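A.B. asks:
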Amino acid sequence: MITNNIFVDAITWDLAFSKYANQPRDLEQPGNTFTKNIIYSTKDSKLFLVYEPNNVGLSDYNLFYTINPESPNWNLQWWKEKYDFDEHSIEADPLFVDYDNDDFSLMSDSWAFNIGFQQIDLANVGPRPQDEATPPKGDLNLDGTVNIQDVQCCVNHIQGTQDWGSSADIDGNGEVNENDLKEIINIILRE
Ligand SMILES: [Ca+2]
Ligand SMILES: [Ca+2]
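So the sequence shown is residues 1 to 191, counted in our numbering.
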């Protein structure tokens with residue numbers, strides 16, 4: 001079931017119905033449904049490429065849009081006539097909020113809602129900054145684990161040959177001394 005997706009500006013093919021590359025025929029998965037999707041193209045990509053027509057059981061209630069409907073690559077009519085699909089689909093501009101800035105949420109008067117498309121919450125879609133990981137307590141050298149190396153770091157700090165800052169003050173009393181060393185050792189022993 002392929003439903004409620006937005007496909008924008010595929011380069012070569014907008015939609016290719018195939019089996020997985022190099023898989024034997026008995027791994028075909030026939031009868032998929034393709035409904036309530038938005039296919040949007042400002043490229044001269046081929047709309048449909050069909051290697052395995054059996055893989056599609058139903059295609060309907062989709063919204064198609066191209067800036068170049070006269071292109072031979074825009075083979076929607078061929079698809080409809082050959083497979084008798086997409087009787088209730090429409091060709092219309094889906095009215096993205098801000099295509100130029102990759103905001104593909106839909107304006108409230110989008111035609112896509114007429115085919116049953118549900119607005120997708122795009123707030124958490126796409127790359128986003130990773131939360132800064134909080135190092136475990138006692139991990140002076142920030143390698144993600146507390147082990148003998150951190151003990152050595154703490155010893156070095158106490159001896160003044162290295163400075164691990166406040167992260168070496170495990171018990172938080174404002175100074176780095178043997179008690180912090182013991183804390184690190186206890187953390188290691190507890191794990
Ligand atoms: Ca460490
Ligand atoms: Ca301390």
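Heads up, the beta-carbon is just placed ideally off N, CA and C, and yes, glycines get one too. Note that the structure is a prediction, hence the values are computed from the model and not measured.
1) Using a 10 Å radius around the Cβ and a threshold of 16 neighbouring Cβ atoms, would you call Y51 buried or exposed?
2) Go ahead and pull the three-state DSSP assignment for I67.
3) Compare the C-alpha of F7 against each of G138, C154, F96 and Q29 and name the closest.
4) Considering V8, what are the terminal residues of the beta strand (DSSP E) in which it resides?
5) Candidates K43, D139, T3 and T42: which alpha carbon is nearest F34's?
6) Using DSSP's beta-bridge definition, name the partner residues of I38.
7) Tell me which residue opens and which closes the alpha helix (DSSP H) that D150 is part of.
8) Could you give the first and the last residue of the continuous beta strand (DSSP E) run that contains L47?
9) Is it true that the CB of D93 sits closer than 7 Å to the CB of N73?
10) Pull up the DSSP beta-bridge partners for V56, would you.
11) Could you tell me whether the Cβ atoms of N68 and F17 are closer together than 7 Å?
12) If you draw a straight line from the C-alpha of T134 to the C-alpha of G172, how long is it?
13) Can you tell me the Cβ-Cβ gap for Y61 and G116, rounded? I've got them flagged as a contact below 8 Å.
14) Using a Cβ-Cβ cut-off of 7 Å, state whether H88 counts as contacting chain D.
15) Is D86 near ligand 1, going by C-beta to nearest heavy atom under 6 Å?
16) Straight-line CA distance for M1 to P30?
17) Relative to the alpha-carbon of V155, which residue among D14, I185 and Y65 has its alpha-carbon at the smallest distance?
C.D. replies: Quick look at the numbers:
1) exposed
2) coil
3) Nearest of G138, C154, F96 and Q29 to F7, Cα basis: F96.
4) Residues I6 to V8.
5) Among K43, D139, T3 and T42, the Cα nearest to that of F34 is on T3.
6) I6 and L63
7) Its alpha helix (DSSP H) spans residues I148 to Q159.
8) K46 to V50
9) no
10) N32
11) no
12) 16 Å
13) About 6 Å; that satisfies the 8 Å criterion.
14) Any reference to chain D falls outside this structure, which holds one protein chain only.
15) no
16) 11 Å
17) I185
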